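If you read the protein sequences in the order shown, they are chains P, L, Z and U. Sequential numbering of the first sequence, starting at 44, is according to our numbering. Sequential numbering of the second sequence, starting at 3, is according to our numbering. Sequential numbering of the third sequence, starting at 2, is according to our numbering. Sequential numbering of the fourth sequence, starting at 3, is according to our numbering. For glycine and all other residues, C-beta sits at the position ideal for the given N, C-alpha and C. The structure presented is a predicted model; accordingly, all values stated were derived computationally and were not measured.
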Amino acid sequence: MDDALFPKGVKRCPLPEFLMKLGPVVALLIWGVVAMLMCWIKGLNQTNMNDAYGFAAWIWADLTVIALGGGAFFTGFLRYLIGKEKLKNIINFAVLIGFICYSSALLILAIDIGQPLRGWFIFWHANVHSMLTEVAFCLTCYFGVLTIEYLPLVLENRQIDRVPFFHNLTHHMHEVMPLFAATGAFLSFFHQGSLGGVAGVLFGRPFAFREGLFIWPWTFFLFTWSAAAYGPCFTIMLAKITEKVTGKRLIKDDVYDLLAKIAGWMMATYIVAKIIDTWYWATVTAPARGMTFMQFYSNNPLYGIWILILEIVIGGVIPAAILLTRKGRNTPFALMTAVVLGVIGVCVNRWVMVLQTLAVPVLPFEGWPMYYPSWQEVATTLLPVAYGIILVAFSYRYLPVFPQEAELNPIVSEPAAPPAPAPDTDAEPADAELSPAQA
Amino acid sequence: MKMDRRSFLSFLIGGAAGTTLSPLPWKLTDDLAIWSQNWPWTPVPAGGEVTFVETTCMLCPGGCGVTVRKVGDRAVKIEGTPGHPVNDGGICILGLSGLQLLYGPTRVPAPLRRAGGRGENHWEKISWDDALALVVEKLAALRENRLSHTLACISGTDGGTVGRLMERFLTAYGSPNFIRTPSMRDAYEMTLHLMQGVQASAGFDVENADFILSFGSGILEGWGSPVRMFRAHSAWKEKGVKVVQIEPRLSNTAAKSDKWLPVNPGTEAVLALGLAHVILKESLHRKEFVDFYASGLDRWKNEVISKWTPEQVEAVTGIDKSTTVALARSFARADHPLALCGRGKGSTPGSIGEFMAVHALNALVGNINRKGGVWAVPGPDYIRWPEVEMDATAAAGMQQPRIDGAGTEKYIFARHLLHRVPEMVTAADPSLVQALFILEANPYYTLSDSALLKKAWDKIPFIVSFSSFMDETAQNADLILPNHMYLERYEDVSYAEGFNKPYIGLAKPVIHPQFSTMHAGDVILRLAKALGDPVQKAFPWEDYEGCLDDTFGDALETLRETGYRVEADFAPGSGYPVFETASGRFEFIPEEIRDAGMQAMVQPQGEEPAFPLILIPFDSQRLANGYIGDPPFVIKTVPDTVLKGDALFVEVHPETAKAIGLSEGRAALLATPKGQARVRVHLFEGIMPGLVGIPTGLGHQAYDGYLAGKGVNANALMGPVEDGASGLNAAWGIRAKLSRV
Amino acid sequence: MKHEQAKKYGMVIDLDKCTGCGACMVACMAENNVPFKEDETNKLDSITWMRVYQLTNGKPFPDTDICYLPRPCMHCEGDHGHSPCVSVCPATATDYSMDTGIVSQIYTRCFGCRYCMAACPYHARYFNWWDPVWPNGMEKYLNPNVSPRMRGVVEKCSFCYHRYQLAKDRAFMEGRRELEEEEYQTACTQACPAGAIVFGDLNNKTHRVHQIVQPDPAHAGRPKNPKAFRLLERLGTNPKVYYLSSREWVRRSGDHYLPHEGPGGGH
Amino acid sequence: MSTNDDKAKADALTDTGKQPEQDKPEKGNGASGSILFFFLVGLIASLLVGWVVFPELLYSKKKQPIDFNHALHVDMVDEGCESCHFFREDGSFSGVPELAQCIECHEEAQTDHPEEIKFVTQYVEKYREVPWLVYSRQPNCVFFSHAAHVRLAEMDCVTCHGPIGESTHSRIYEENRITGLSRDIWGRNIAGIKRNSWDRMKMDDCAECHAEAATKTASEGEAPIEGFFNNIIRIAFPGSLSGRKSSVQTQNEACFVCHK
């Protein structure tokens, strides 16, 4: 039915089946949209946030998706600036995930503010001292970059690509892509860091406050580093899931191996830094304010110190150890376990930096307030997930997201499938990715 | 020239460039920014000239001077009047919220006649003429049938012109049943009458006292004139005046005191007698007073010495005997020691024996009518209206015994016994009350034993409320004749609770009446006029303001200017006064009531096994529990350990709770012999084990959504306990059971 | 405005005198057009610029003790005006004034990101979760000197800044620039029936706040009065609200201390 | 095609790829002529819309309830503007007079001028406040102290309000349909350009004057040359050199000075 739109040399399921399978996801999307509209129309009283939890599930989701979307900038950085050419086979997917993550973050931010129609004041009346201003600017700019990075992929759709103008545009865009990758990496470094700074500068919140390096608290660097470490994990995880769902191999193992190895090193170094940070905070920063380490964990009625163990050991040390061994990376189950644990680790880290920061009572006579999200918050947080699945599904169906798909899944019935682009030989990678029909 | 794709594109680009170069996007952005900052539904208060009107607060008997800030013709804020003799610039939480009552949704907008069943809250607006005609018709019929004495009035005010007009109306009409709402004032007045032979209110020279011994008085909970007490308390802190608080629960007063003595509930009087024991035994009393100005000491001393040794006191009160001895000594050795009683805000009178025991302590240290002591403050003297000329009907009506029995042989000293009315009404058939007026009172809420009250209520055929607000009583009346609220009317305030000097405050209309209301004084005058002679003859005034003019004469002008009049150099007798008792001396054991002094303790209702705990109500400055209910601002300040959602928390000691299997916040069933209620439990280390503390002032069914339906009315779980000697309601608690649900 | 001495308005609250009556809370609400809802028992969603906390010493009956602590906005000076909340606001909706030492909040500028609330350790900032609604007729008592807020913005105590402005206007009419101590007082100070709140210029040696607190300029305004303390002194927020208490356990409740430290320890 | 393509490629190498620039060189002169024509059509049309149509649509025109003659009144009173727009003792400014003030002179019509007859019959006799439309009305978030400006800084009314005292008729009140405020706030000039100090009443205008005043204060005793350079710096980097930096965030005057 829509065969003409498919990328060359790949097979897709019939459209009705495709749409039917997306049905539940669309339902989720609608649920999210309803909740979003309720929040906009009726106000933030629709949430379970309160004066103690001014930041809650949404800000956590924001920080998390941006950390997880970090795979885009870091893979781009590795490919375009470090020259890990092999990664071009996963870069499209990484960019797609990044695009989804960042657009989601912006959407959630737009829901999260009390006067959405004044949201643009953050640009118009920007206070340059605020970490949030830095976040807003870099986030918006980097979203622009991601759009530019994602656009060529859209233009590579078989039908669009037929228009010479778009074809040429794609071509030129590929040529300048390293520039954008560099810009993206630069912006990402800052906004990932600023997001870390959001909590780290709060000197009224001893749980989050970190001493500074230059003008930034340590969390600034920890966040950037952790995004670089865990973002690729998320990319790998989603790629693996996509493979499971489609029942096809889409990316060669050596690509996974390379990305996983780099992620492993990043994670290992990050977790060492994080442990040092925690230790310094627990023994120097907090006691200087009269607080003991266990004070931050003991009066929580639910999880206590376990959240720290979950974050650092289970979500950090273990996956790093797995990813650093060749055997770990090459065993599908171990690899999957490692990336899933990694993703959990970074989610927990962002949770702690947002919610525990606010929940730990600072006034000695206050208690630990509890919070659980309202259904509206859950629905709006799942909204990006639904939207992401839909965008991945459509992109996969109509765009050449996985350059190695045709090669890995030759279509038997169709004779003389066009040869897959040669992976490593071409000096000008942008050309190699263009449809060979032009050649 | 063909408009192709490229041309169209360039058209668009040209358009974009032109738009950018025009003011449109920039101006639009700016306007939208302004628009998005000023939503039309956010009110913009109008400006105007700022003026200040000084008046007197009437939300409690405190008699504070308040200054209302007006902007244009709106009242925007109530503040304390600096330099006012009672509150000198301070103001309490309720007084501050007066404008929410003025402008609030609880106001009765016009005369209302009941349209549905009683309490169903269906009303029909009627004109003032029709409303008054209704009352007149009813009253005329009663009078015709020689049933004038079956008209009763429950009033929250009695000393000022409005209270006196109402009382006068009843007299001229032929009914003795003018009943003032109960408070510790009843007990104090009786105490002064019995021990000192005077008709006076008790005033306390708290500013000059240097040792405060409080038997459960909520000095910081609203006892007396609250702001004055707060100010005195701060002065005590500055001067290092010692405060000892005696009560079983750590109230704010107890927490702020220098020493908190958690006494077994209801045994405060015994402790007072125990202290007297020590003082007398060690001859620490002030002989120059006791020897020359008191009588009956020997007999009283014998009883006290024999009955209330510190050991015996310890057994009853739980207060360590050495503490009693030490306390008695430091009390007696202070220069100006002052003993106070009346529990909490003093909204329940209490046992006369207890009041006399405490007052005797003051007498032992000679602190009667003296600096830093208890002063007998005579009632207002400015109302000198001619005697009512009664016709035969009126005279016959006035000969009838009062419905509450006050003044009858059994209750010879009592003036008002409102708590007896429900019982009396239910007992007789037909009801002894055929028509009931309610003025500045909310008995439907404040009277205890709600079940009996409702029965009595149903038997009264005609109930008229004068309330400005849709309170419980108004809601359950047949007719509401809404009074102007206190910021809209003139009225003299003849009394400031606990103030030690004769005082008159004047409430003034700060703004025009907001609704179709009428001054209760004018309503009385118009009713009298409509009833014709002889009732009419008793009211020779055109309107209420005319009456006020006539009453005060030239003094009214100065009163209007200053807002109050106080006898600044009032001295209740220079040195020691001559008492007006038969002996001319202070009576330690008044003849008339010989045994009362020793029957100080009142047992709570209920039996032990069924009700193992004791429920004690406790007051808070943040919970108004009288005629006025909490306005929205005040209810907002109530902590979430008292009220959460609509659930009320009762205070229980952790051990007591543990024994029942209750933990913090758990729901429980609180049962007393008078009723039961679902509550939640707040564990509090500051309450004596075995007790359940219930906050008063909640559980309203009327008013607005900000107050109605929240919590439990403590009065509904309590019952009156009649003090054998005086007839006053002396209930301080009730036996109770708390169980898990 | 030449040669005008910079003010540093601050407050000292005597916890020995404070009775916990709540008049300050209501005076503030009435003065500043603070809205109210039918159910205000969820204290995490209840706007009270001034909030009175109840502190307990945690001891069993009958040694239990309680103390009330009114908490307005602390108007932290932080380090040279970098109070915790001010620097984080992305839209410059809140601001520290070096002239008065007052932390402002401009409701129309605020778009409700709530970052300042996350930054404030005192929970002195409140978010308008609901559209403020005054029951019909009640909007008549609203004060024109304070603009009512809308849903979705943060609000907090302003030390009744509008009273400062009005006092200045009056002074200007008399040809004066400087205000007398009593000319500018906050609504809570004025209302407190116990006289527990004293307000004035901490820089001015003739003002009572200065005399009571004796702020030590060498140590970021730490009080020299041994009875005085500030909340969370050790965080470096440099608040301008001081408390007085003669009770050791109350003073110790104002901050965190390691087990071996006494109050004021760690310095 | 391929040559064009190459050319396009070459062109685009210098550019990151905007459509029109890329497409323009492809056609001959006639085509580019038509492109230019349409570009100009779009440009001119949108300029017309932006400069002429937009302001017409943005403002609704309202007449004052009474056509008021300021000049006439100013002539008849002793104390100029302050005769009617006076300060109260507490320093507050009365603003537009209330009816009670007018009645002091206009209890009865003093002339047979139709506007005065209208005023007396419709407002004075019914004791109804005149719903004047206030040209200088600011949104509720603005705090403005007349006392500070008029009494302390001794500014003239004209500085902000212009020569309204010389007017013989009430101007048409143009109300911004979006903000509900008068056109006078943004200024008559839709581009926001002002010639006189009273042409606009926006926050920037307050700030401008305040910065000037601050500069004056700061530069008293400053060498003139310094003042000159400071002015340049000030224009290039607004706010960087203002005399008083009471606000920590903005390095300007604190927000609460003008906001409530």
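Item	Value
In or out: threonine 123 of chain U buried (at least 16 other Cβ within 10 Å) or exposed?	exposed
Ignoring anything shorter than 4 residues, give me the alpha helix (DSSP H) runs that lie fully in the segment 236–265 of chain Z, in order along the chain.	249–253
Can you grab the Cα-Cα spacing for the pair phenylalanine 173 of chain Z / isoleucine 109 of chain P, in whole Å?	54 Å
Can you tell me where the beta strand (DSSP E) holding arginine 682 of chain L begins and where it ends?	677–685
Does the distance from the C-beta atom of glycine 102 of chain Z to that of histidine 76 of chain Z stay below 8 Å?	yes
Span of the alpha helix (DSSP H) holding lysine 21 of chain L?	The sequence given here places threonine at residue 21 of chain L; lysine does not occur at that position. It spans 7–23 - the alpha helix (DSSP H) in which threonine 21 of chain L sits, taken as one unbroken run.
Identify, in the order they occur along the chain, each residue of the same chain with its Cβ nearer than 6 Å to the Cβ of tyrosine 193 of chain P, setting aside the five sequence neighbours on each side.	Val138 and Phe142
Tell me, to the nearest whole angstrom, how far the beta carbon of leucine 61 of chain L is from that of glycine 92 of chain L; I am working on the premise that it is less than 8 Å.	Actually they are not in contact, since the Cβ atoms of leucine 61 of chain L and glycine 92 of chain L sit about 14 Å apart, beyond 8 Å.
Quick check: what's the CA-CA separation for lysine 72 of chain L versus lysine 141 of chain Z?	11 Å
Within its chain, find whatever has a CB closer than 8 Å to the CB of asparagine 91 of chain P; leave out the 5 residues flanking it on each side and keep chain order.	Ala99, Tyr414, Tyr415, Pro416, Ser417 and Glu420
When the cut-off is 8 Å and only beta carbons count, does arginine 161 of chain P lie next to chain L?	yes
Determine, using beta carbons only, whether tryptophan 125 of chain L and leucine 114 of chain L come nearer to each other than 8 Å.	yes
Could one say the Cβ of glutamine 202 of chain P lies closer than 8 Å to chain L's Cβ atoms, at least one of them?	no
Consult DSSP for proline 71 of chain Z and reduce its assignment to one of helix, strand or coil.	strand
Hey, does phenylalanine 88 of chain U have any beta-carbon neighbour from chain Z nearer than 8 Å?	no
Could one say the Cβ of threonine 238 of chain Z lies closer than 8 Å to chain P's Cβ atoms, at least one of them?	yes
Taking a Cβ distance cut-off of 8 Å, strictly less, list which residues of the segment 63–94 of chain L are near chain Z, in chain order.	Val73, Arg76, Ala77, Val78, Lys79, Ile80, Glu81, Gly82, Asn89, Gly91, Gly92, Ile93 and Cys94
Restricting to runs no shorter than 3 residues, where is the beta strand (DSSP E) found entirely within the segment 551–635 of chain L?	566–568 and 615–620
What residue ranges within the segment 54–103 of chain L form continuous beta strand (DSSP E) runs of no fewer than 3 residues, ordered along the chain?	67–73 and 76–82
Enumerate in chain order the residues of its own chain whose CB-to-CB distance from alanine 673 of chain L is below 6 Å, with the five nearest sequence positions on each side excluded.	Lys739
For glycine 631 of chain L, collect the residues of the same chain with a Cβ closer than 7 Å to its Cβ; drop the 5 residues on either side in sequence, then sort them by chain order.	Asp473, His702, Tyr705 and Leu709
Using 10 angstroms around the beta-carbon of glutamine 1 of chain L, count the other beta-carbons present and answer buried if the total reaches 16, otherwise exposed.	Absent from the structure is residue 1 of chain L, since the part of chain L shown begins at 3 and ends at 743.
What distance in whole Å lies between the Cβ atoms of threonine 187 of chain Z and phenylalanine 232 of chain L, which are believed to be in contact at a cut-off of 8 Å?	That pair is no contact at about 18 Å.
Would you say glutamine 158 of chain P reaches chain Z, if we count a Cβ-Cβ gap shorter than 8 Å as a contact?	yes
Closest Cβ-Cβ distance between asparagine 146 of chain Z and chain U: below 8 Å?	yes
For the beta strand (DSSP E) containing glycine 205 of chain L, name the first residue and the last one.	202–206
Is phenylalanine 471 of chain L near valine 110 of chain L, with beta carbons less than 8 Å apart?	yes
Going along the chain, which residues of its own chain have a beta-carbon closer than 6 Å to the beta-carbon of aspartate 188 of chain L, five neighbours each way excluded?	Pro351 and Leu730
For threonine 21 of chain L, which residues in chain U fall below 7 Å Cβ to Cβ?	Ser48 and Gly52
Which bits of chain Z does threonine 252 of chain U rub up against, with CB to CB less than 8 Å?	Thr93 and Asp96
Check lysine 65 of chain U in the structure and name its three-state DSSP category.	coil
Taking only beta-carbon positions, decide if lysine 204 of chain U is within less than 8 Å of chain Z.	no
Between U/Phe41, U/Ser147 and U/Phe40, which lies nearest to phenylalanine 89 of chain U when the distance is taken from Cα to Cα?	U/Ser147
When DSSP labels each residue in this structure, what does glycine 167 of chain U get in the three-state scheme?	helix
Can you give me the start and stop residues for the beta strand (DSSP E) that serine 324 of chain L sits inside?	No beta strand (DSSP E) contains serine 324 of chain L, which is instead part of the alpha helix (DSSP H) from 323–335.
Pick from L/Pro47, L/Val46, L/Val68 and L/Pro388: whose alpha carbon is nearest that of glutamate 56 of chain L?	L/Val68
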